[in-house]
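Note that our numbering has the sequence shown beginning at 11, numbered continuously upward.
Yeah, the Cβ is synthetic: ideal placement off N, Cα and C, and Gly gets one too.
Notes follow once the structure below has been shown.
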Amino acid sequence: MNPDFIILAAGKGKRMLGSSPKVLLSVGGKPMAQHVLDTISSIEKSRAVLVVGDRHSEVKKELSLKKNTRVALQRNQLGTAHAVKTATKELRPGSVAVILYGDVPLVQKSTINQLLKLASKNSLSVLTFKKNQPKGYGRIIRNSKKQVEAIVEEKDATKEQKAIKEVNSGIMAIKSSLLKKLLPQVKNNNAAKEYYLTDIVELAKLSQIKVRPLLLEDPDEALGANTPMELQDLERAFQKMRAKALVNSGVKIADINRIDSRGSLEVGRGTFIDVNNVFEGSVIIGTNSKIGPNCYVKDSVIGNGVDIKANTVIEDSQVGSNSNLGPFSRIRGGTEIEGGVELGNFVEANRSKIGKLSKAKHLTYLGDSNLGQKVNIGAGTITCNYDGKKKHKTQLEDGVFIGSNSSLVAPVKVGKKAYTGAGSVITKNVPAGNLAIGRARQSNIKKKK
11 MNPDFIILAA GKGKRMLGSS PKVLLSVGGK PMAQHVLDTI SSIEKSRAVL VVGDRHSEVK
71 KELSLKKNTR VALQRNQLGT AHAVKTATKE LRPGSVAVIL YGDVPLVQKS TINQLLKLAS
131 KNSLSVLTFK KNQPKGYGRI IRNSKKQVEA IVEEKDATKE QKAIKEVNSG IMAIKSSLLK
191 KLLPQVKNNN AAKEYYLTDI VELAKLSQIK VRPLLLEDPD EALGANTPME LQDLERAFQK
251 MRAKALVNSG VKIADINRID SRGSLEVGRG TFIDVNNVFE GSVIIGTNSK IGPNCYVKDS
311 VIGNGVDIKA NTVIEDSQVG SNSNLGPFSR IRGGTEIEGG VELGNFVEAN RSKIGKLSKA
371 KHLTYLGDSN LGQKVNIGAG TITCNYDGKK KHKTQLEDGV FIGSNSSLVA PVKVGKKAYT
431 GAGSVITKNV PAGNLAIGRA RQSNIKKKK
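Listed below in structure tokens is the structure:
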């Protein structure tokens, strides 16, 4: 079976009160329509047809369209059936067509596969869900045998029909040949004078085509967004859905309502994530790690058994297994931290490499630095890496001990197992095993009477 997906993405989204096309608005760190496209790409033998409107250039530019995606232009917005009709020439012979929406990004692959299975039996499958306040949605009209008879839009519904809680998601699947047969029969005899895709349900019944409903267990899959507040609801639903998936995979989350993932997030089993954490871009976290509250992690890889304490920021970096960071640490700029490293409160590492079992526990800046193994950095140490024009490197070899409140003026190298005295300003290389002291001599001046 070849599934062909028609994604309706031509809506102007005027009620969003923004300048961007609605389908490009972000949910979970990427455009709504991109979520739909990515789900389709995970289905074998799939092809997508993206139906766009007058801002098609902007939509095509911002979305990542794969080779299996075609684009169809709807020049005049005359309803959903008209939009689908513009895409039918791209459908493959013998395929099953699935109609999706660019602003309904949470529908799952498993749900789509169920729809495809129903539609493959020469029937029309429609995705429905129940909503306590169904205003604005098309109502599902069932007969005495619980079969779908019709879908009635809000504008055309009677008072009794408006009381129905089961509503249409708009998502449906049908063999392409049947879709092409039914679409020309759709009329615009309604209050809006539009061609409703939902009318093919009644037309299918008249043609003796079975209509098979699929009622969603999780209605959040069918959530769309037409207003800024609905977009807020959609974002929260996405975050909760992703958090539930993590919990079901063995991740421990303190509160699934207080975690934000804006991109790709992979977390190993046994890892604990505390409240108010934000993960952005591509983030991978190993097993049995702990992320304390109020942390921000972007485009980084965190190993196994890592303990990240509260208010730590990690960007574009790698953290080795069994390391301890924070609280209030900042790791950025492609920093590579090997295993068993400790970087404590108010320690910043930027564009640096830190070897195994090295420590900087308090008030330290490590910029453009290369630390070997078992290096100890005293509190208040600064690598002075910028001379006003260029950045320079600081190299600390294995076993180096840097005394508190030291300033290491780059470029500079401290050899293996060398020491610097507290309060030193180190401007020259220190040979291996030496003690370097670079500070003014203390003078005690007796106070005159």
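Contact set for residue i: own chain, Cβ-Cβ below 6 Å, skip 5 residues either direction
i	result
Ile341	Ile324, Ser327, Ala359
Leu353	Leu335, Ser339, Ala370
Asp317	Lys300, Asn334
Leu418	Thr393, Thr404, Ile436
Ile210	Leu192
Thr98	Lys190
For residue j and residue i, the rounded distance between their alpha carbons
i	j	result
Leu75	Leu47	8 Å
Gly273	Lys438	45 Å
Val69	Ile312	34 Å
Glu204	Gly146	16 Å
Val106	Leu188	9 Å
Asp397	Thr281	42 Å
Gly431	Asn355	22 Å
Lys416	Ser379	First, the residue type needs correcting, since residue 416 is Ser and not Lys in the sequence shown. When rounded, the distance between both Cα atoms is 15 Å.
Cys305	Leu35	25 Å
Leu213	Gln195	8 Å
Lys215	Ser135	12 Å
Ser368	Ser362	13 Å
Three-way DSSP call (helix, strand, coil) for residue i in this model
i	result
Met42	helix
Gln118	coil
Gln328	strand
Arg340	strand
Ser67	helix
Asn123	helix
Ser299	coil
Val261	coil
Ile50	helix
Glu308	In the sequence as presented, Glu is not what sits at residue 308; that position holds Lys. Residue state, collapsed to three classes: strand.
Ser462	In the structure as shown, the chain starts at 11 and stops at 459, and residue 462 therefore has no counterpart that could be examined.
His98	For the sequence presented, residue 98 should be read as Thr rather than His. Correct three-state label for Thr98: helix.
Glu72	helix
Ile318	strand
Arg80	strand
Ile210	helix
Val33	helix
Ala389	coil
Leu256	helix
Identified DSSP bridge partners for residue i
i	result
Gln405	Asn380, Lys423
Arg152	Val158
Asn287	Ile269
Tyr429	Phe411, Leu445
Lys220	Ser133
Ala107	Asp14, Ile184
Leu353	Leu335, Ala370
Val440	Val424
Asn142	Answer is none; Asn142 lacks a bridge partner.
Arg57	Asp14
Asn198	DSSP, once it has assigned bridges, lists no residue as partnering Asn198.
Tyr375	Glu358, Ile392
Ile347	Val329, Ile364
Own chain residues within Cβ distance below 7 Å of residue i, not counting five before or after
i	result
Pro31	Gly23, Arg65, Glu68, Val69
Asp284	Ala264, Ile301, Gly302, Pro303
Ala247	Leu116, Asp230, Leu233
8 Å contact criterion, which residue i and residue j should meet: CB distance rounded
i	j	result
Pro144	Val37	The Cβ separation is near 22 Å, so there is no contact.
Leu225	Phe139	7 Å
Leu406	Leu445	Not confirmed; about 15 Å, so no contact.
Ala389	Ser414	5 Å
Leu83	Gln44	Contact flag wrong, Cβ pair sits at about 19 Å.
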